[in-house]
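As structure tokens, the structure follows; a few thoughts come after it.
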Amino acid sequence: MRAHKLECPFPKVYPSRLSPDDTCHMWLAYNQAIDAWREDEVPIGAVIERGGEIIAAAHNQVESTKDPTAHAEILAITQAAAAIGDWRLNEATLFVTKEPCPMCSGASLMARLKRVVFAVADPKMGCLGGASALHELPRINHRLEITGGILEAECRELLQRFFREKRQTSGPGVDETGL
Ligand SMILES: [Zn+2]
Numbered sequence: 199m200r201a202h203k204l205e206c207p208f209p210k211v212y213p214s215r216l217s218p219d220d221t222c223h224m225w226l227a228y229n230q231a232i233d234a235w236r237e238d239e240v241p242i243g244a245v246i247e248r249g250g251e252i253i254a255a256a257h258n259q260v261e262s263t264k265d266p267t268a269h270a271e272i273l274a275i276t277q278a279a280a281a282i283g284d285w286r287l288n289e290a291t292l293f294v295t296k297e298p299c300p301m302c303s304g305a306s307l308m309a310r311l312k313r314v315v316f317a318v319a320d321p322k323m324g325c326l327g328g329a330s331a332l333h334e335l336p337r338i339n340h341r342l343e344i345t346g347g348i349l350e351a352e353c354r355e356l357l358q359r360f361f362r363e364k365r366q367t368s369g370p371g372v373d374e375t376g377l
């Protein structure tokens, strides 16, 4: 059963797309995370950029779909592959508000993404350097570039506030997945 639904107190941010950089793309992922909160999901969002274009945008939907694999990154990777008609995303960059978990780190490798950029490192479940580093498997033949810490404070605040308010309405035991 779902706990009491919280109103999201954060507004979306609309950055200029004139000179799209990592920060600009991360704001788009941040806006996806806000969409997640508005649907009473843990606020994690992702977008995928390729050749200057956003080819996927998704947010966590585990609760609404009752699907433990419905993480923002997985949904975005599926969308991106459909958008370009190829499962190989080797010219694409994934922007996500929290460091990918084991499943999503694995999916990033299997999709042959060029880069993953995340905001908040996750020392508990992050597998791109936080808790473990799947991309550094010794015999892996795909090189995945990683950048962490883009818009970290903003994305961390969103997550921490969500869990703090959830705890206030639902009591202790709300899983913060390492935050
Ligand atoms: Zn994940």
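Counted from 1, the sequence shown has number 237 at position 39 by our numbering; the numbering is strictly sequential. Virtual Cβ for every residue (Gly too), placed ideally from N, Cα, C. Quick caveat, the model's predicted, so the values are computed rather than measured.
Quick check: what's the CA-CA separation for residue i versus residue j?
i, j, result
"A279", "G249", "14 Å"
"N229", "R286", "26 Å"
"E247", "A290", "6 Å"
"L311", "P336", "18 Å"
"G347", "V318", "6 Å"
"S330", "T276", "24 Å"
"A256", "I242", "9 Å"
"D219", "L226", "11 Å"
"R341", "T367", "43 Å"
Could you spell out the range, first to last residue, of the beta strand (DSSP E) harbouring residue i?
i, result
"R313", "R313 to V318"
"T295", "A290 to K296"
"G304", "From DSSP, G304 is part of no beta strand (DSSP E) but of the alpha helix (DSSP H) over P300 to M308."
Does at least one heavy atom of ligand 1 sit under 7 Å from the Cβ of residue i?
i, result
"E261", "no"
"H223", "no"
"C206", "no"
"H269", "yes"
"P298", "yes"
"M301", "yes"
Taking residue i as part of the alpha helix (DSSP H), name the residues at either end of that continuous run.
i, result
"R236", "D220 to R236"
"F208", "Taken as a continuous stretch (DSSP letters only), F208 belongs to no alpha helix (DSSP H), as it is neither H nor E."
Strictly under 8 Å for the Cβ-Cβ distance: is residue i near chain C by that measure?
i, result
"G369", "No chain C is present in this structure, which holds just one protein chain."
When the Cα of residue i is compared with those of the options, which residue comes out closest?
i, options, result
"I338", "G304, G369 and C353", "G304"
"L349", "E205, T295, A254 and A270", "T295"
"L332", "V315, F316 and P300", "P300"
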